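When we follow this note's numbering, the leftmost residue of the sequence shown carries the number 179, and every step to the right adds one.
Report on the following structure.
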Amino acid sequence: MEIKKRERLLAVLALICFGTLAGDKLILSPLQNLWEARRERIAELEKSLNRGHALIDRDQMIKQRWRQMSQHGLPVEESVAENQVLQSMSRWSQASRLGVSSLKPRWIQEDEEDHKKLECRAAAEGSIGAIAQFLYEIERDPLALRLEEIEIAARDERGSQLTLAVRFTGLLLVGEKQ
């Protein structure tokens, strides 16, 4: 009799262990993975919601900054815009005492875009201080220009005379009146 009781007890314990293992693999683990995925998704959505609220809170500041950038953009007429860039270039070179040897402006308009770019390539010569001042003048100018490429090369063995090749662009919004 003891063997049957022992066998029955072992069979019940084996069934309980098998049931626990099956319950873990078929019910608990999938639910835990689902809860983890939902927790991550909720955290992601909360982050997105917080970014949206921050954007709404900054709405007026962004609109004001856009108006300011639009006002400092290039004028709608191409010739006036080119003239403004040429005057700025003259002002920058005088302030930095840099000798500008060439300036080549050209207009770029991608298909079906509501803006044009005025791309200017310039070559200049001077000392490292003059080049640094020139680049500083471009960056701090209220005119909406972006430095795209800068190349500096030495003209002598000591490196006291340098050549600067720079490419910058200005944005002209075609659809807006300034």
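Using N, Cα and C, we set each Cβ at its ideal position, and we do this for glycine too.
All values reported here derive from a predicted model rather than from experimental measurement.
Coil, strand or helix - S345 by DSSP: The amino acid at residue 345 is misidentified as Ser; the sequence shows Arg. Note: R345 maps to strand in three-state DSSP.
Which whole-angstrom value is the C-beta distance of L170 and H250, which I expect to be below 8 Å? Residue coverage of the chain in this structure runs from 179 to 356, which leaves residue 170 outside it and unanswerable.
Under a three-way DSSP split, which group does P253 fall into? coil
With DSSP as the reference, label L321 as helix, strand or coil. coil
Can you give me the C-alpha to C-alpha distance between Q339 and H231, rounded to a whole angstrom? 53 Å
According to DSSP, is E288 part of a helix, a strand, or is it coil? DSSP places E288 outside both helix and strand once states are collapsed to three, so it counts as coil.
Identify whether E218 lies in helix, strand or coil by the three-state DSSP scheme. helix
Are the Cβ atoms of F295 and L349 separated by less than 8 Å? Here residue 295 is Lys; the residue named in the question, Phe, does not match the sequence. Cβ distance < 8 Å, so K295 and L349 count as in contact.
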